[in-house]
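A.B. asks:
In the UniProt record's numbering, the protein residues as written are 1 to 152.
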């Protein structure tokens, strides 16, 4: 079940490979995520000292958050993956100019996981082409529905 999705990522980047990573969260963040108070659009993944960090994922605290906890909405979250996978990602990001982008947050076995993608940025003309394809698919669907309803 998807919690939050970064739709902008598929528009701005060519997705090459997808990976799943665990997310280290605190208690108030889990409660806020369950209440739907999460935003992923400005997020990106940073590699630092052989570890992955999710930056820009905004989790707004609930009003009923505990008084002894000081919630920080834009806190950097650590991502959990196997060391071999992280080394492979580091190599690709450093050598070939790829970037790591979060695609979505979802539940898996009661835990929050993040799908991250190895991606390359799109040029402006590629973005326009993506828009044209999406518009054509929408128009094609409307034409097909109209054609089917005209027969019946």
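Ideal Cβ positions, reconstructed from N, Cα and C, are used throughout, including at glycine.
Is residue 123 near residue 9, with beta carbons less than 9 Å apart?
C.D. replies: In this structure, residue 9 does not lie closer than 9 Å to residue 123 by Cβ.
A.B. asks: Are the beta-carbon atoms belonging to residue 22 and residue 105 less than 9 Å from one another?
C.D. replies: Not closer than 9 Å, so no.
A.B. asks: Report buried or exposed for residue 89, applying the criterion of at least 16 other Cβ atoms within 10 angstroms of its Cβ.
C.D. replies: Answer is buried; the Cβ neighbour count reaches 16.
A.B. asks: By the three-class DSSP mapping on this structure, what secondary structure does residue 31 have?
C.D. replies: DSSP places residue 31 in helix when its eight states are reduced to three.
A.B. asks: Mind checking which residues open and close the beta strand (DSSP E) that includes residue 18?
C.D. replies: Start and end: 13-23.
A.B. asks: Per the DSSP calculation, residue 85 is bridged to which residue(s)?
C.D. replies: Paired residue(s): none; residue 85 is not in a bridge.
A.B. asks: So, are the CB atoms of residue 13 and residue 121 less than 9 Å apart?
C.D. replies: Against a cut-off of 9 Å, the Cβ pair of residue 121 and residue 13 comes out as a contact.
A.B. asks: Exposed or buried, residue 143, counting other C-beta atoms within 10 Å across all chains shown (16 or more means buried)?
C.D. replies: By the neighbour-count rule (16 or more Cβ atoms within 10 Å), residue 143 is not buried but exposed.
A.B. asks: Alpha carbons only, please: which of 34, 96, 127 and 52 is nearest the one belonging to residue 115?
C.D. replies: The candidate whose alpha carbon is nearest that of residue 115 is 52.
A.B. asks: Just the C-alpha distance for residue 113 and residue 87, rounded to the nearest angstrom, thanks.
C.D. replies: Distance between the alpha carbons of residue 113 and residue 87 is about 20 Å.
A.B. asks: Which class does residue 58 belong to by DSSP, given the choice of helix, strand or coil?
C.D. replies: If DSSP states are grouped into helix, strand and coil, residue 58 belongs with the strands.
A.B. asks: Distance, Cα to Cα, residue 25 vs residue 91?
C.D. replies: Rounded to the nearest angstrom, the two C-alpha atoms are 27 Å apart.
A.B. asks: Taking 9 Å as the threshold (C-beta atoms), are residue 54 and residue 5 in contact?
C.D. replies: Not closer than 9 Å, so no.
A.B. asks: Would you mind sorting residue 140 into buried or exposed? The rule is 16 or more other CB atoms within 10 Å of its CB.
C.D. replies: With fewer than 16 other Cβ atoms within 10 Å, it is exposed.
A.B. asks: If we require 4 or more residues per run, which alpha helix (DSSP H) segments fall completely within the UniProt region "Disordered" (119-152)?
C.D. replies: Runs found: 124-151.
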